[in-house]
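> My questions will all concern the structure given below.
Residue numbers (the numbering used here): 15 to 102.
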């Protein structure tokens, strides 16, 4: 884990958590808002998707890894219909 990121709510995963390092820049560039739909083409551990959902937008999240999609099912349930996971 990277120093200084222990309390990052968007650091996802177990002991070897993934921290989306450009999160602030991505959120600034996208400026996601309620009513918008954002496509996350590299879902992975879901850090960016989680942050976008926190801003109120919906997300279509794409990943080719079936394990990433399976791991994202809990987030999909929590998102109340605002997250669609796609394995491609």
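Cβ atoms here follow ideal geometry from the backbone N, Cα and C, with glycine treated the same way.
This one's a predicted model, so the numbers in the text were calculated from it and none came from an experiment.
Can you tell me whether DSSP reads residue 101 as helix, strand or coil?
As a first step, residue 101 is located in the chain shown; it is residue number 87 there, counting from the start. Correct three-state label for residue 101: strand.
> With a CB to CB cut of under 7 Å and the five nearest residues on each side skipped, what residues in its chain are close to residue 67?
What you label residue 67 is simply residue 53 of the chain shown in a count that begins at 1. Closer than 7 Å at the Cβ level, and outside the excluded window around residue 67, lie 73, 93, 96 and 97.
> Report the rounded CA-to-CA distance for residue 50 versus residue 64, giving the unit in angstroms.
Taking the first residue of the chain shown as 1, we reach residue 50 at position 36. Taking the first residue of the chain shown as 1, we reach residue 64 at position 50. Cα-Cα distance, rounded: 15 Å.
> Measuring only the C-alpha atoms, how far is residue 71 from residue 86?
Within the chain shown, numbered from 1, the residue matching residue 71 stands at position 57. Within the chain shown, numbered from 1, the residue matching residue 86 stands at position 72. Going from the Cα of residue 71 to the Cα of residue 86 covers about 17 Å.
> For residue 101 and residue 88, I'd like the C-alpha separation in whole angstroms.
Taking the chain shown and counting its residues from 1, one reaches residue 101 at position 87. Taking the chain shown and counting its residues from 1, one reaches residue 88 at position 74. Roughly 16 Å between the two C-alpha positions.
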